[in-house]
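Heads up: the sequence shown begins at 662 in my numbering, then just goes up one per residue. Worksheet: the structure to be examined is printed underneath.
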Amino acid sequence: MTVEDEVVRIGADFFQDPHRLYADLRRTGPVRPVVLPRGVRGWLVTRYADAKAVLSDPRVSKDYVRAGALLEINREPGSPRPEFGQDLQAHMLNMDPPDHTRLRKLVNKAFTVRGVSHLRPRVERITSDLLDALDGLDEVDLIPALAFPVPMTVICELLGVPESDREAFHGWTSTLLSTASSATEITEAGVAAGGYVMELIESKRSTPGEDLLTALVEARSDGDRLSENELLSMAFLLLLAGHETTVNLIANGVLSLLQSPSQAAALRANPALLPRAVEELLRFESPVNTATMRYTTEPVVVAGVEIPADEFVVVALSSANRDDTTFPNPDVLDIERDLNTHLAFGHGIHYCVGAPLARMEGEVAIGALLARFPDLALTSTPLTWRESTIVRSLHTLPVRLR
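Here's what the structure looks like:
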């Protein structure tokens, strides 16, 4: 087999069922050259142990400045390169220590388990109000009805974002995450999102509030304020990641439960299982499909394959979470699964800072939905998934309520 024969090319069929490809790769070649839909070349890592190792390997960098230069080298000839500006990329997810450490310290306290516990009553009230609005309806799309507004309302209230602006921001981020978006659409969405966030920052400077964004505007780290690029990028990251992951956790979780009625019944019968159930739902249909891009700073051997320096590494979190060497019967949903050490929130220094909030929002929203509508079921409408290598996200989730 030639090297070209071994290259994995991500096509349209992948988005509807990535698990089929991942299962084959874990068996036949867990570290393989890959070409992503926009022509970026890299290496796809699909087994749990290898994924976990790469995510914590200091030889694998996330520095966005160098990564931008490497995009010109590791790209198929003629493939378009979307531009949405480095102004939105100077955040902690795209940095190595010590800059990553400095920036993460500024938001860590707000998103610890203790830090988000006081938000639970508000999340319960938001969820209850949304479910009240569904009373009397027979069918509904759960994404705009519940999965989107719960986390979006919470993160926007935390950051002090006006309610009237939330749909527009979600539209921009959906465009940025979709491989179906053209280079022009991505550039326009990036410019619009960046411009909006900058206006929001300026409003916090002129009229400070009791919110996290105001705190970031006024924050100092070791005596230095955030730079303008860092502030803009951090605000953008918190708005994007603060809702996108949890939208998918709630929607994918409900879908998985409705496709496994015995598990839904067990959870209704014993709501105390909710924390463990959320961990299993995160593992089973992970809201983030692949970790954000990394690159090697020197040759790195993974599963016996040497990845040369200055090449991108794509860690398939969804695949790692279905690895049968770590999870017995991985393709079966089991809400009582023990030792669920999934990688849905990543691993290492870039482990998702908002994981405690996402878990809590998932517990509240999914638990309340199942309790309120005991006859909840899928409709006969076919389901389709968004064309994104980063997120695992449904377009719609139509359900019957009664």
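Here a beta-carbon is modelled for each residue, glycine too, at the ideal position from N, C-alpha and C.
For this session: Only counting runs of 3 or more residues, tell me where the beta strand (DSSP E) segments fall wholly within the segment 729 to 804, in order along the chain.
Result: Fully enclosed beta strand (DSSP E) runs of 3 or longer: 800 to 802.
Problem set entry | Arg-1063 in three-state terms, based on DSSP | Position 402 of the sequence shown holds residue 1063. Coil at Arg-1063, not helix or strand.
For this session: May I ask you to report which of helix, strand or coil DSSP gives Ser-825?
Result: For the purposes of this step, residue 825 is taken as residue 164 along the sequence shown, with counting starting at 1. When secondary structure is reduced to three states using DSSP, Ser-825 falls in the helix class.
Exercise. Which first and last residues belong to the beta strand (DSSP E) in which Gly-703 is found?
Worked result: Within the sequence shown, numbered from 1, the residue matching residue 703 stands at position 42. In this chain, the beta strand (DSSP E) harbouring Gly-703 covers 702 to 706.
Problem set entry | Sheet register partners of Ala-1038 (DSSP bridge) | In the sequence shown, the residue the question calls residue 1038 occupies position 377. Answer is Arg-1061, bridged to Ala-1038.
Exercise. If you draw a straight line from the C-alpha of Val-976 to the C-alpha of Leu-686, how long is it?
Worked result: Translated into positions along the sequence shown, residue 976 becomes position 315. Translated into positions along the sequence shown, residue 686 becomes position 25. Looking at the two C-alpha atoms, the distance is approximately 13 Å.
Exercise. How many whole angstroms separate the CB atoms of Met-813 and His-831, which I take to be in contact at a CB cut-off of 8 Å?
Worked result: For the purposes of this step, residue 813 is taken as the residue at position 152 of the sequence shown. For the purposes of this step, residue 831 is taken as the residue at position 170 of the sequence shown. Right, the Cβ-Cβ distance comes to about 7 Å (below 8 Å), so this counts as a contact.
Exercise. What three-state label does DSSP hand Val-939 in the structure shown?
Worked result: Within the sequence shown, numbered from 1, the residue matching residue 939 stands at position 278. Helix.
Exercise. Any idea what DSSP makes of Thr-663, helix, strand or coil?
Worked result: Counting from one through the sequence shown, the residue named residue 663 turns up at place 2. Low confidence applies here, because Thr-663 scores a pLDDT of 35, under 50, leaving its location unreliable and the question unanswered by this model.
Exercise. Near Val-753, what residues of its chain come up, given a Cβ to Cβ distance below 6 Å and the 5 sequence neighbours on each side ignored?
Worked result: By one-based count along the sequence shown, residue 753 stands at place 92. According to the sequence shown, residue 753 is Met rather than Val. Excluding sequence neighbours, Met-753 sits near His-761, Leu-764 and Arg-765.
Exercise. Is the number of C-beta pairs between the segment 838 to 846 and the segment 1045 to 1055 that are closer than 8 Å three or more?
Worked result: yes
Exercise. Helix or strand or just coil, what does DSSP make of Phe-1064?
Worked result: Missing from the structure shown is residue 1064; the chain here goes from 662 to 1063 and no further.
Problem set entry | Nonlocal neighbours in the same chain, by C-beta distance under 6 Å from Pro-991, ignoring five residues either side | Here residue 991 refers to the residue found at position 330 when the sequence shown is read from its first residue. So the list reads Arg-983 and Asp-985, once near-sequence residues are dropped.
Exercise. For Leu-792, which of Leu-1031, Pro-1059 and Gly-700 has the nearest alpha-carbon?
Worked result: Along the sequence shown, read from residue 1 onward, the residue named residue 792 stands at position 131. It is Leu-1031 whose Cα lies nearest to the Cα of Leu-792.
Exercise. Do you know offhand how far Thr-663's Cα is from Asp-999's?
Worked result: Sequence index remark: in the sequence shown, residue 663 carries index 2 (1-based). Sequence index remark: in the sequence shown, residue 999 carries index 338 (1-based). Note that Thr-663 scores a pLDDT of 35, beneath 50, so its modelled location is shaky; the value from the coordinates is reported in the next line. So the two alpha carbons sit approximately 42 Å from each other.
For this session: Give me the Cβ distance between His-904 and Ile-816, rounded to the nearest whole Å; I'm assuming they're in contact under 8 Å.
Result: Counting from one through the sequence shown, the residue named residue 904 turns up at place 243. Counting from one through the sequence shown, the residue named residue 816 turns up at place 155. Contact flag correct, Cβ pair sits at about 5 Å.
For this session: Could you name the residues of the same chain whose beta carbon sits closer than 6 Å to that of Phe-988, not counting the 5 residues immediately before and after it, in chain order?
Result: The residue labelled residue 988 in the question sits at position 327 within the sequence shown. Counting only residues of its own chain and dropping the five nearest sequence neighbours on each side, Phe-988 has no CB closer than 6 Å to any other CB.
Exercise. Ile-911 lies in the alpha helix (DSSP H); which residues open and close that run?
Worked result: In the sequence shown, residue 911 corresponds to position 250, counting from 1. Unbroken alpha helix (DSSP H) run through Ile-911: 889 to 919.
For this session: Just the C-alpha distance for Leu-893 and Asp-826, rounded to the nearest angstrom, thanks.
Result: As a first step, residue 893 is located in the sequence shown; it is residue number 232 there, counting from the start. As a first step, residue 826 is located in the sequence shown; it is residue number 165 there, counting from the start. Straight-line Cα distance between these residues: approximately 17 Å.
Exercise. For the 8 Å Cβ check, are there 3 or more pairs between the segment 956 to 969 and the segment 686 to 696?
Worked result: yes
For this session: Enumerate in chain order the residues of its own chain whose CB-to-CB distance from Phe-675 is below 7 Å, with the five nearest sequence positions on each side excluded.
Result: For the purposes of this step, residue 675 is taken as residue 14 along the sequence shown, with counting starting at 1. Closer than 7 Å at the Cβ level, and outside the excluded window around Phe-675, lie Leu-682.
For this session: Can you check DSSP and say which residues form a bridge with Pro-694?
Result: To locate residue 694, count along the sequence shown from 1; it is residue 33. Per DSSP, Trp-704.
For this session: Could you check how far apart the C-beta atoms of Leu-978 and Val-949 are, in whole angstroms? I think they sit under 8 Å.
Result: For this step, residue 978 is matched to residue 317 along the sequence shown. For this step, residue 949 is matched to residue 288 along the sequence shown. That pair is a contact at about 6 Å.
For this session: For the alpha helix (DSSP H) containing Glu-1024, list its first residue and its last residue.
Result: To locate residue 1024, count along the sequence shown from 1; it is residue 363. Run containing Glu-1024: 1016 to 1033, per the alpha helix (DSSP H) assignment.
Problem set entry | Limits of the alpha helix (DSSP H) - the one that Ile-968 falls within | Indexing the sequence shown from 1 puts residue 968 at position 307. Unbroken run through Ile-968 is the beta strand (DSSP E), 966 to 968; no alpha helix (DSSP H).
Problem set entry | Presumed contact (8 Å Cβ cut-off) between Met-1021 and Val-777, rounded CB distance | Counted from its first residue, the sequence shown places residue 1021 at position 360. Counted from its first residue, the sequence shown places residue 777 at position 116. So it is a contact: roughly 6 Å between Cβ atoms.
For this session: Could you check which residue in Ala-1026, Trp-833 and His-1008 has the C-alpha nearest to that of Ala-712?
Result: Your numbering for residue 712 matches position 51 in the sequence shown. It is His-1008.
Exercise. Taking Cβ to Cβ, would you say Leu-732 is nearer than 8 Å to Val-706?
Worked result: Here residue 732 refers to the residue found at position 71 when the sequence shown is read from its first residue. Here residue 706 refers to the residue found at position 45 when the sequence shown is read from its first residue. Annotated as distal: Leu-732 and Val-706, with beta-carbon spacing of 8 Å or more.
Exercise. His-1056: which of Leu-1037, Thr-836, Pro-741 and Ala-933 sits nearest, CA to CA?
Worked result: Working through the sequence shown from its first residue, we reach residue 1056 at position 395. Cα-wise, what sits closest to His-1056 is Thr-836.
Exercise. Taking DSSP as the reference, what is the three-state secondary structure of Tyr-1012?
Worked result: Mapped onto the sequence shown, residue 1012 falls at position 351. Coil at Tyr-1012, not helix or strand.
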